[in-house]
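For reference, the structure is listed below as structure tokens.
Residue numbers (this note's numbering), protein chains in the order written: chain L, 1 to 158; chain B, 159 to 339.
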């Protein structure tokens with residue numbers, strides 16, 4: 001074995017004893033803890049952010065739905081429905097001596113209180129003792145503004 | 159070799175999951191070879207400590223940087239240390255000169271034990287880095303030529319020739335041209 005080999009072996013034996021100082025280990029572990037702690041806090045921040053975003057989203061969706069919810073109509077009682085059906089089934093009675101509306105003519109139906117005396121004057125047969133009474137009726141008005149037909153609503157009161 | 163790789167894989171999996179004990183095992187298993195390599199390359203304990211710290215901090219920040227299928231973690235970390243050292247050299251343009259006035263410590267024919275290991279260390283540190291690497295890995299760390307070739311990223315034949323050349327340089331610097339390599 002040459003002298004160089006011998007010296008190299010002794011250097012290698014000495015070299016084998018070398019270890020990094022403890023301060024290096026402490027610094028490395030401190031960095032490990034810092035990085036892992038940061039990752040953990042990042043995860044917590046992300047989770048908190050996601051929860052907050054979900055809450056805000058739900059709140060906004062609720063507010064939007066509240067604004068755009070269709071207005072619920074009050075339920076029509078069955079008796080009223082029956083009454084409406086009965087009204088629809090009542091025919092319009094042409095006012096005597098007035099021309100009926102032409103097929104192309106656009107008409108309007110106006111609900112109003114009509115004096116019973118006017119109805120009697122127009123030729124309707126009304127049985128009432130009170131000459132000042134009024135009857136609720138749908139009046140069909142032609143394009144010229146003249147009434148063409150009448151449908152009595154409060155028929156039962158007479 | 160396979161067992162070592164299996165252990166490395168298991169440790170890395172736990173380390174990547176944030177297991178401090180796994181990282182402690184990795185550090186305590188591999189810190190010595192990284193530190194020794196850095197110390198032999200720099201000839202300076204403080205710089206070797208800094209490089210060792212840089213290597214493990216790099217590992218903390220790049221837990222996926224090592225692929226266990228491509229080799230051993232120890233060799234990989236020494237390779238990382240080598241790259242840090244290269245960067246240091248290029249940044250500092252540092253070169254460790256062998257003192258020109260340093261007398262030969264052993265004349266031909268003197269006792270072999272007269273070799274001053276500290277001076278040999280300095281002589282190793284003064285070698286060009288391509289020679290120093292193979293001396294440190296093969297002669298001081300006892301790694302095989304194949305392993306050293308993987309770390310310094312060159313062919314096995316290159317490692318052999320560099321080692322031969324490095325030993326000739328060391329012999330010439332320390333005891334003169336007459337020293338048998």
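Don't be surprised by glycine CBs; every beta carbon is placed ideally from N, CA and C. Values in this document were obtained by computation on a predicted structure and should not be read as measured data.
Problem set entry | Cross-strand partners of residue 108 of chain L (DSSP beta bridge) | L/141
Exercise. How would you call residue 217 of chain B, buried or exposed, if buried means at least 16 neighbouring beta carbons within 10 angstroms?
Worked result: buried
For this session: Find out if the Cβ-Cβ distance for the pair residue 117 of chain L, residue 131 of chain L is shorter than 9 Å.
Result: yes
For this session: Given a cut-off of 9 Å, decide if residue 313 of chain B and residue 289 of chain B are closer than it, judged by their beta-carbon atoms.
Result: no
Problem set entry | Beta-carbon neighbours of residue 211 of chain B, restricted to chain L and to distances below 7 Å | 24, 27, 28
Exercise. When you compare each of B/283, B/307, B/191 to residue 231 of chain B by their alpha carbons, which one comes out closest?
Worked result: B/191
Problem set entry | the stretch 3-16 of chain L in contact with the stretch 201-212 of chain B per 3-pair CB rule at 8 Å | no
For this session: Note down, in chain order, each residue of its chain lying with its Cβ closer than 6 Å to the Cβ of residue 291 of chain B, except the 5 sequence neighbours on either side.
Result: 310
Exercise. Taking Cβ positions only, does residue 192 of chain B come closer than 9 Å to chain L?
Worked result: yes
Exercise. Who are the Cβ neighbours of residue 221 of chain B in its own chain at under 7 Å, not counting the five residues just before and after it?
Worked result: 173, 174
Exercise. Distance, Cα to Cα, residue 213 of chain B vs residue 4 of chain L?
Worked result: 32 Å
Exercise. With residue 139 of chain L and residue 114 of chain L assumed to form a contact (beta carbons below 8 Å), what rounded beta-carbon distance in angstroms separates them?
Worked result: 7 Å
For this session: Could you list which residues in chain B have their beta carbon closer than 7 Å to that of residue 32 of chain L, in chain order?
Result: 178, 181, 218
Exercise. Under 7 Å Cβ-Cβ, which residues of chain L neighbour residue 197 of chain B?
Worked result: 18
For this session: Classify residue 301 of chain B as buried or exposed, calling it buried when 16 or more other Cβ atoms lie within 10 Å of its own Cβ.
Result: buried
Exercise. With a Cβ-Cβ cutoff of 9 Å, do residue 209 of chain B and residue 246 of chain B count as a contact?
Worked result: yes
For this session: Could you run through the stretch 46-59 of chain L and flag, in chain order, every residue whose CB is less than 7 Å away from some CB of chain B?
Result: none
For this session: Would you mind sorting residue 100 of chain L into buried or exposed? The rule is 16 or more other CB atoms within 10 Å of its CB.
Result: exposed
Problem set entry | residue 224 of chain B: contacting residues in chain D (beta-carbon distance under 7 Å) | The structure shown contains no chain D; its protein chains are L and B.
For this session: Indicate whether residue 19 of chain L and residue 193 of chain B have their beta-carbon atoms separated by less than 9 Å.
Result: yes
Problem set entry | Residue-chain proximity (residue 282 of chain B, chain L), Cβ-Cβ < 9 Å | yes
Problem set entry | Buried or exposed (CB count within 10 angstroms, at least 16 for buried), residue 299 of chain B | buried
Problem set entry | Endpoints, the beta strand (DSSP E) within which residue 149 of chain L is located | 147-152
Exercise. Once you ignore the five residues that flank residue 244 of chain B on each side, which residues in its own chain have a CB closer than 8 Å to its CB?
Worked result: 287
For this session: Run the CB neighbour count on residue 277 of chain B, radius 10 Å, all protein chains shown included, and call it buried at 16 or more, exposed below.
Result: buried
For this session: Look up residue 122 of chain L in the DSSP assignment and say whether it is helix, strand or coil.
Result: coil
For this session: Taking residue 189 of chain B as part of the alpha helix (DSSP H), name the residues at either end of that continuous run.
Result: 178-200
For this session: May I have the straight-line CA-CA distance separating residue 183 of chain B from residue 281 of chain B, to the nearest angstrom?
Result: 34 Å
Exercise. Do you know how far the Cα of residue 308 of chain B is from the Cα of residue 228 of chain B?
Worked result: 10 Å
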